[in-house]
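Visitor:
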Ligand code: IDP
Ligand code: MG
């Protein structure tokens, strides 16, 4: 099934100049980027985007990280792109994310309260629709 998913290059990926590397991976894989912009997300937007994490111990640190600079916001499109992009990202913790994945190759854990992952991807087709409408109204 042709799907769309929300792809974010988070502040650490932008600060460490990995935009090109990450976009290359998306395009080399064969997914299309059908819309793209750069924004510094507001706390209001992030409370909706990360609704499932509001109230958790790491949430304040996650907010601080995500509002620390611009993020690249993209809509990726392709057959089964939702799970395909999750596979390309690797698992949530960049220390255990497999080499070859984006999180495994381009990030690591730091002595910081939030995991400063370099990318985000929607975790289901339903979430993807919600997140795309949130970031692109
Ligand atoms: P995902 O990004 O792989 O979907 P989620 O569980 O949705 O993972 O978590 C969202 C983001 O919150 C992660 O990318 C990471 O930056 C941060 N995070 C998740 N769990 C923890 C944790 O236990 N400690 C610190 N930060 C976390
Ligand atoms: Mg998630």
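Numbering (the working numbering), first residue to last: 4 to 140. All residues carry an ideal CB built from backbone N, CA and C; glycine is no exception.
Report the CB separation of residue 104 from residue 91 in whole angstroms; it is logged as a contact under 8 Å.
Guide: As a first step, residue 104 must be located in the chain shown, where it is residue number 101. As a first step, residue 91 must be located in the chain shown, where it is residue number 88. Confirmed, Cβ separation roughly 6 Å.
Visitor: Tell me the rounded alpha-carbon separation between residue 8 and residue 80.
Guide: Reading the chain shown from its first residue, position 5 is the one you call residue 8. Reading the chain shown from its first residue, position 77 is the one you call residue 80. Their Cα atoms are separated by approximately 7 Å.
Visitor: With DSSP as the reference, identify every bridge partner of residue 11, one or two as the case may be.
Guide: For this step, residue 11 is matched to residue 8 along the chain shown. DSSP lists 76 and 123 as partners of residue 11.
Visitor: Helix or strand or just coil, what does DSSP make of residue 101?
Guide: Taking the chain shown and counting its residues from 1, one reaches residue 101 at position 98. Note: residue 101 maps to coil in three-state DSSP.
Visitor: What do you get for residue 63, buried or exposed, if any count of 16 or more other CB atoms within 10 angstroms of its CB means buried?
Guide: What you label residue 63 is simply residue 60 of the chain shown in a count that begins at 1. With fewer than 16 other Cβ atoms within 10 Å, it is exposed.
Visitor: Assuming residue 18 contacts residue 123 (C-beta within less than 8 Å), just tell me the rounded distance between them.
Guide: For the purposes of this step, residue 18 is taken as the residue at position 15 of the chain shown. For the purposes of this step, residue 123 is taken as the residue at position 120 of the chain shown. The Cβ separation is near 16 Å, so there is no contact.
Visitor: Judging by CA-CA distance, which residue of 111, 73, 76 and 44 is the nearest neighbour of residue 93?
Guide: As a working mapping, residue 93 is identified with position 90 in the chain shown. The residue with the shortest Cα to Cα distance from residue 93 is 111.
Visitor: Helix, strand or coil for residue 42, going by three-state DSSP, please let me know.
Guide: To locate residue 42, count along the chain shown from 1; it is residue 39. Residue state, collapsed to three classes: strand.
Visitor: With a threshold of 6 Å, establish whether the CB of residue 69 neighbours any heavy atom of the ligand IDP.
Guide: Position 66 of the chain shown, counting from 1, holds the residue named residue 69. Every heavy atom of the ligand IDP is 6 Å or more from the Cβ of residue 69, so no.
Visitor: Between residue 53 and residue 86, what straight-line distance do the alpha-carbon atoms span, to the nearest angstrom?
Guide: As a position in the chain shown, residue 53 is number 50, starting the count at 1. As a position in the chain shown, residue 86 is number 83, starting the count at 1. Roughly 19 Å between the two C-alpha positions.
Visitor: Find out if the Cβ-Cβ distance for the pair residue 106, residue 97 is shorter than 7 Å.
Guide: As a working mapping, residue 106 is identified with position 103 in the chain shown. As a working mapping, residue 97 is identified with position 94 in the chain shown. It is a contact, given that the beta carbons lie within the stated cut-off.
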